[in-house]
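Report on one structure; see the data block that follows.
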Amino acid sequence: KADQSFNINVEALKAAQPRELTASEIDVRLGATWIEPRYIAQFMFNTFQPTYWASRSMSVNYSPYTSEWRIEGKSAVSANDVNACSTYGTSRMNAYKILENTLNLRDVRIYDKIEDADGTERRVLNVKETTLAQQKQQVIKDAFRDWLWKDADRRQTLVAKYNELFNSTRPREYDGSHLTFPGMNPEIELREHQRNAIARILYGGNTLLAHEVGAGKTFTMAAAAMEAKRLGLCRKPMFAVPNHLTEQWASEFLRLYPSANVLVATKKDFEPANRKKFCARIATGDYDAVIIGHSQFERIPVSQERQERLLRSEIEEITEGINQLKRSSGERFSIKSMEKTKKSLEAKLKKLLDSPKDDVVTFEELGVDRLFVDEAHSYKNLYYHTKMQNVAGLSSAEAQKSSDMYMKCRYMDELTGSRGIVFATGTPVSNSMTELYTMQRYLQHDTLERLGLGHFDSWAANFGETVTALELAPEGTGYRARTRFSKFFNLPELMNLFREVADIKTADQLMLPTPEVVYHNEVSQPT
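In the working numbering, the protein residues as written are 93 to 619.
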């Protein structure tokens, strides 16, 4: 305001501002963690209209540790309450219990207890009552959407909060046309999208190169590593690539930079007798690039102290979550699931503490300060905790190599301020939408934590919805209801957040020529 010469900057900033979203452009669902519990309580009292005495014992609570919603006093209503047991609920499940299930992203299911001839009890799904309760669940969802935006003050407050959280970032557009590449083979000319991706890696933070197959990710990463080292942004880049491609990677790297000093790991280098010697070579040498296979990369351990610290931190967090659930009489299923996870973590910690200290060089001691991971989709099976039940595509299976990669990514983030990791894959999402969340955990850990989306259920509540549909049973004898996590809300805002790290290029954007099929020595094997 004081200096008119800055007006041109002000105008440029105004032009770059993301457009403010209005209420009609924001999809809100019950369970979205950016909506405070007091608004859920207001909706509950305004819509279900409990009696004065029942309302005194009711409250809505949310636990950020477990991403669990809890409605206190949900059983305090009488069977004569028309709103709770007829209009918005059923005689088997009242509206408050349905609302709690909906907040926790669960489809309501009603079971009958049946006693077998031998006296054992088992639970059988009551299809009629479940269908009725699910219809009431949809009525509550629709009522919430109508209610939320009715009050002008509430609408203004929530729209401003949503814009602040999810619509306040304009992803930078990177231009690499000015880059020069001293030492690069003059016969090779990088394409425009490769130059722009290199600019993103150099100037931005963690990066995902989600480029179509054939778009030249190998040259992009090699050139980015060499430029980062030349500019003093890193000292020792490491490339973790599929085992069978290490030599091909080295060949391509040296074709692009003939004078580069590259250390390539072979299968022999990671035999027990040679592993320590090879790790010592990485730690003591000054290399332009260290190229190593995925399985060899897993054999370089994170220090025992760091593993212990991470495990203790996870155990403390999950213990606090269990205690909160117990204090509020939470779902037995959630408590048992979390206790199982806690036992597994404690077993890991005990195994770690009991194992003799290996004198092999640890990952932290290698001096690596840039990590490039080719075919990063190999690490998609990263464990996450969820309270959603019976949802296809949500797997809590844990792959050891994914946990190892996650620990190394956290170390790289600490070391470089979330600027030292580059993932490359043509299929960042291949099978389940949860893979998108996994990629964000690797590359945007701090951003997710800042936005309160560190827990999978929080992320799912803000951006996705489970959809139940009938499908043919595997036996082919009839149909069954199948619930999948497949519908997305607020997808532009999610992609906006994802594009802070993701450089996404598809074939139509790149206008790549169709690969020619070349036959060698008249053998009918295309190469």
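Don't be surprised by glycine CBs; every beta carbon is placed ideally from N, CA and C.
Contact between Y349 and G275 holds: their C-beta atoms lie close to 6 Å from each other, under 8 Å. The region 271-344 is shown to contain whole alpha helix (DSSP H) runs of 4 or more residues at 284-295 and 309-322, in chain order. In the DSSP assignment, E160 is bridged to S155. Rounded to whole angstroms, the separation of the alpha carbons of N153 and K479 is 16 Å.
For L257, the closest of G544, F581 and C326 by C-alpha to C-alpha distance is G544. Take Y471, set aside five residues on each side of it, and the residues of its chain with a beta-carbon closer than 6 Å to its own are S494 and M497, in chain order. M330 is positioned such that its CB atom lies closer than 8 Å to that of I384. Here E557 carries a strand assignment [DSSP, helix/strand/coil].
When the beta-carbon positions are compared, F140 and A108 stay at least 8 Å from each other.
In this structure N298 is buried. Its beta-carbon is surrounded by 16 or more other beta-carbon atoms within 10 angstroms.
Taking a cut-off of 8 Å for Cβ pairs, the region 151-167 and the region 102-116 do not touch, as fewer than three such pairs fall below it. Counting only residues of its own chain and dropping the five nearest sequence neighbours on each side, Q388 has a CB closer than 6 Å to the CB of A357 and F362. In this structure, the alpha-carbon of G509 lies about 31 Å from that of E103. Under the DSSP definition of a beta bridge, A235 lacks any partner. Take the alpha-carbon of F555 and the one of I190: they are about 21 Å apart.
A distance below 8 Å separates the beta carbons of F311 and L282. Annotation for R215: the continuous beta strand (DSSP E) segment containing it runs E213 to L217. For F137, the uninterrupted alpha helix (DSSP H) run begins and ends at P129 to F140, by DSSP.
Residue ranges of uninterrupted alpha helix (DSSP H) with 4 or more members, entirely inside the region 175-202 and ordered along the chain, are 187-195. Residue environment analysis places H336 among the exposed positions, since fewer than 16 neighbouring C-beta atoms fall within 10 angstroms of its C-beta. Unbroken alpha helix (DSSP H) stretches of 4 residues or longer found wholly inside the region 492-516: 492-508, given in chain order. DSSP places R462 inside the beta strand (DSSP E), whose first and last residues are R462 to D466. Following the DSSP letters along the chain, one finds G385 inside the beta strand (DSSP E) bounded by residues A381 to G385.
Spatial neighbours of Q492 in its own chain (CB-CB distance under 8 Å, excluding positions within 5 residues in sequence) are listed in chain order as E390. Buried is the label assigned to N582, since at least 16 other Cβ atoms lie within 10 Å of its Cβ. According to DSSP, residue pairing for I206 in a beta bridge involves R214.
Taking F548 as reference, the option from N193, H537, A468 and Y529 with the minimal CA-CA separation is Y529. CA-to-CA, the gap between R373 and A365 works out to about 14 Å. The residues P110, in chain order, have a CB closer than 8 Å to that of S260 in the same chain once the five nearest residues on each side in sequence are set aside. Within the same chain, A553 and N554 come within 7 Å of A124 by CB-CB distance, once the 5 residues on both sides are set aside. When DSSP states are grouped into helix, strand and coil, V169 belongs to the coil group. Residue environment: A209 is assigned as exposed (fewer than 16 neighbouring CB atoms within 10 Å of its CB, all protein chains considered). Residue environment analysis places F236 among the buried positions, since at least 16 neighbouring C-beta atoms fall within 10 angstroms of its C-beta.
The beta carbons of C371 and V453 sit closer together than 8 Å. DSSP links I596 through a beta bridge to A302.
Fewer than three beta-carbon pairs drawn from the region 302-321 and the region 431-443 are found closer than 8 Å, and the two stretches are therefore not classed as touching.
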